[in-house]
Amino acid sequence: MKLQHLARSEMDPMAVVTRTEAAHAKQARRLAGRSDGDARAGAPRRGTLWALSAAGLITFFGIWWLAAVAQLIPAMFLPTPLAVATRFVELLAHPFAGYTLEQHLWSSLQRYLMGLALAVAIGVPLGLMMGWFRWLDYIVSPLFETLRFVAPIAWVPFAALWFGTGIGGPVLIIFAGAFAPCVVNAYRGAKQVDERLLEAARMLGASNRMIVCEVLLPGALPAVIAGLRVAAGLGWMSLVGAELIVASSGIGYMMVKGQSAINTATVMSGMIAIGMVGALIDWLLGRIEAFAMRHRRRARN
Amino acid sequence: MLLAIRSIRSPRLACSLATLGATLALWYVLTSLTGVVGPSRLPAPIEVWQALLQVAGEGYADGRLDQHIVQSVKLVLYGFFTAAATGVPLGLWMGQSRRAQAFFNPIFSMLRPIPPLAWIPLAIVWLGLGDAAKVMVIWFAAFVPCVINSFAGVRNLDPALIEAAEMLGLRRAQFVREVMLPGALPMIFTGLRLSLQASWTTLVAGELIGAVRGLGHLLTQGSLDIFPAMIVVAMLSVALCGWLMTVVLGAIETRLMPWRPSR
């Protein structure tokens with residue numbers, strides 16, 4: 001299945017690493033030969049690793065700071081890290097491009113939540129039903145496969161044409177970014193539900209509606225939530241892209257204004273804000289995912 | 001889809017074709033035949049065809065369709081290959097040495113949450129509206145999945161294989177060539193595929209914001225002139241090129257890993 005393959009490739013590779021590393025550690029403990037799953041013998045100690053991590057960060061900020069202080073690149077284009085931090089704090093209090101940083105963020109978040117909610121509300125039920133009703137799968141899949149290759153950001157002209165630049169346009173683009181992972185993961189989750197459960201439900205006389213709501217949805221929940229996480233990330237990225245092009249407020253708009261004023265510190269502050277909110281969203285969904293998995297395991301035992 | 005068609009049984013194919021046909025028919029009925037949807041909202045199929053002929057023949061937005069496509073594909077390939085050439089080795093190195101991982105991981109996790117599109121304004125400030133800015137942003141977009149997946153590929157190697165290699169006394173170069181690379185290859189390709197998708201999206205966004213040629217520029221010009229048919233042509237070209245590049249990468253993947261069952 002094309003869709004199933006796609007979903008697997010979008011899985012978080014870091015989660016896979018964590019999982020396999022845990023398994024490797026267990027195996028190593030059992031063999032009691034090595035305490036570390038390293039590819040090479042003589043694994044470094046914890047302290048060394050911490051020092052190296054610190055050294056990495058220091059190198060990064062050090063090079064940045066040196067390049068800025070030594071004026072290798074003019075301050076207009078590369079402000080010092082401290083200057084960026086100061087600018088960030090300043091933006092929280094003083095409006096730039098019409099609003100303060102948190103007002104820009106708030107208007108971005110509103111659009112984001114609307115677009116994401118719309119994508120989840122339509123995408124997840126559609127994916128589940130595609131997993132159950134074969135005719136729906138046959139009808140929707142070809143359209144979906146065709147439209148999927150249109151990059152979400154390429155919807156910008158039509159978004160502006162149909163819905164304007166206020167709320168509607170950006171929401172359509174976020175929707176375009178977040179919709180596909182919702183559908184694909186719900187579909188994959190529904191296809192993975194234990195065949196016996198479906199047969200049992202059918203034998204007990206469950207209606208189609210009951211099967212979708214009470215068998216497929218709970219069974220597919222981990223995949224749905226994993227899809228949500230991918231959708232949230234893609235949606236956030238699409239939002240930034242949308243706001244760079246069509247918007248009159250929001251964090252992306254602030255960055256564009258900073259760019260045309262050649263105010264690099266403002267642009268970097270916007271990047272920091274976007275990164276922090278994006279990381280926060282991902283962390284929250286990760287917690288929800290972990291909670292759902294734990295709940296499921298407990299229910300199974 | 002050529003690859004997909006062969007593997008799909010005929011009722012599915014028939015259904016797919018019927019659906020696509022029905023959609024086209026619906027599009028025709030809504031626009032040309034009844035005019036329920038106005039031409040400024042959604043262009044009629046015939047208008048799209050004319051727009052395609054126009055851009056392919058005399059050109060539109062400072063170039064013919066093939067010139068726009070060549071420009072976009074060229075930039076994507078520059079960015080993508082630089083990213084693969086830097087990202088994959090870094091990922092392999094991080095996967096294979098815990099010291100390298102400890103050094104690079106904090107920097108990497110700090111920069112990773114910033115979506116590639118958010119680098120566009122910075123790239124424009126630094127490098128202007130030319131090709132260099134776009135290649136920089138594409139490089140950044142494609143770099144992250146390359147690193148993460150190569151890293152994961154090495155870490156997911158079967159420990160039994162590593163121990164066997166050690167026991168057989170493989171030299172380091174041999175280990176890398178015979179065990180690590182083939183073992184990590186599937187994950188590396190997953191990374192490359194994601195990278196390519198990210199590159200393409202980023203390029204379109206970059207060209208939408210500012211360019212003198214390219215498919216994104218075609219989109220922008222179409223929307224400035226309120227020429228919906230041209231927008232559709234540009235969107236379809238974006239989709240077609242994205243799809244073609246994925247297919248080519250898939251073909252390379254099958255060639256490089258003949259031991260894996262082809263999809």
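If you're matching them up, the sequences are chains A and B in order.
In terms of my numbering, the first sequence opens at residue 1 and continues consecutively.
In terms of my numbering, the second sequence opens at residue 1 and continues consecutively.
Glycine residues also receive a C-beta, built at the ideal position from the N, C-alpha and C atoms.
According to the DSSP assignment, residue 241 (chain B) belongs to the alpha helix (DSSP H) that extends over 228-256. With a threshold of 8 Å between beta carbons, residue 293 (chain A) makes no contact with chain B. No Cβ of chain B is located within less than 8 Å of the beta carbon of residue 269 (chain A). Any Cβ of chain A closer than 8 Å to the Cβ of residue 171 (chain B) would place that residue at the interface, and such an atom is absent.
The straight-line gap separating the alpha-carbon atoms of residue 216 (chain A) and residue 12 (chain B) is approximately 23 Å. Along the segment 220-235 of chain B, going in chain order, the ones with a CB nearer than 8 Å to a CB of chain A are 220, 222, 223, 226, 228, 231, 234, 235.
In the three-state DSSP reduction, residue 187 (chain A) falls in the helix class (H, G or I).
Within chain B, no residue has its CB atom less than 9 Å from the CB of residue 71 (chain A), the nearest being about 15 Å off.
The alpha-carbon separation between residue 256 (chain B) and residue 109 (chain A) amounts to approximately 44 Å.
Going by C-alpha positions, residue 225 (chain B) is about 43 Å away from residue 133 (chain A). Cβ-Cβ separation between residue 118 (chain B) and residue 136 (chain B): approximately 13 Å, too far for a contact (criterion under 8 Å). Inter-residue distance for residue 138 (chain B) and residue 194 (chain B) is about 12 Å (C-alpha atoms, whole angstroms).
Taking 8 Å as the CB threshold, residue 181 (chain A) stays off the interface with chain B. If you compare the alpha carbons of A:293, A:262, A:289 with that of residue 77 (chain A), the shortest gap goes to A:262.
In its chain, beyond the 5 residues on either side, 87, 91, 96, 254, 255, 257, 258 have a beta carbon closer than 8 Å to the beta carbon of residue 266 (chain A). For residue 241 (chain A), the CB contacts under 6 Å within the same chain, skipping 5 residues up- and downstream, are 153 in chain order. Scanning chain B for C-beta atoms nearer than 7 Å to the C-beta of residue 278 (chain A) yields 113, 115, reported in chain order. In chain order, 118, 120, 121, 122 make up the part of chain B whose C-beta sits under 9 Å from the C-beta of residue 255 (chain A).
Inclusion of residue 203 (chain B) and residue 180 (chain B) in the CB contact set at 8 Å is not warranted, their separation being larger than that value. Looking at the DSSP output, residue 99 (chain A) shares a beta bridge with A:96. The alpha carbon of residue 184 (chain A) has as its nearest neighbour, out of A:122, A:173, A:197, the alpha carbon of A:122.
The segment 236-246 of chain B makes no contact with the segment 174-189 of chain A, as fewer than three CB pairs between them are under 8 Å. Judged by DSSP secondary structure, residue 259 (chain B) falls outside any alpha helix (DSSP H); it is assigned neither H nor E.
At a cut-off of 8 Å between C-beta atoms, residue 146 (chain B) does not count as an interface residue with respect to chain A. Rounded to the nearest whole angstrom, the CA to CA distance from residue 111 (chain B) to residue 219 (chain A) is 35 Å. Proximity to residue 274 (chain A) across A:248, A:244, A:298, A:94 peaks at A:244, based on C-alpha coordinates. Burial check for residue 137 (chain A): the Cβ neighbour count within 10 Å reaches 16 or more, so the residue is buried.
Taking residue 39 (chain B) as the centre and dropping the five residues before and after it, the same chain places the C-beta of 31, 47, 228 closer than 8 Å to its C-beta, in chain order. Neighbours of residue 55 (chain A) across chain B, judged by C-beta separation under 9 Å: 102, 103.
Taking C-beta separations shorter than 8 Å and ignoring five residues to either side along the sequence, the partners of residue 163 (chain A) in its chain run 169, 171, 172, following chain order. For residue 86 (chain A), there are no C-beta contacts with chain B under 7 Å, since the nearest C-beta of that chain is about 18 Å from it.
For the pair residue 285 (chain A) and residue 228 (chain A), the CB atoms are nearer than the 8 Å cut-off. Taking C-beta separations shorter than 6 Å and ignoring five residues to either side along the sequence, the partners of residue 216 (chain B) in its chain run 204, 207, 208, following chain order.
With its beta carbon less than 8 Å from one in chain B, residue 161 (chain A) belongs to the interface. Taking 8 Å as the upper bound for CB-CB distance, residue 182 (chain A) and residue 117 (chain A) are not in contact here, some 11 Å apart.
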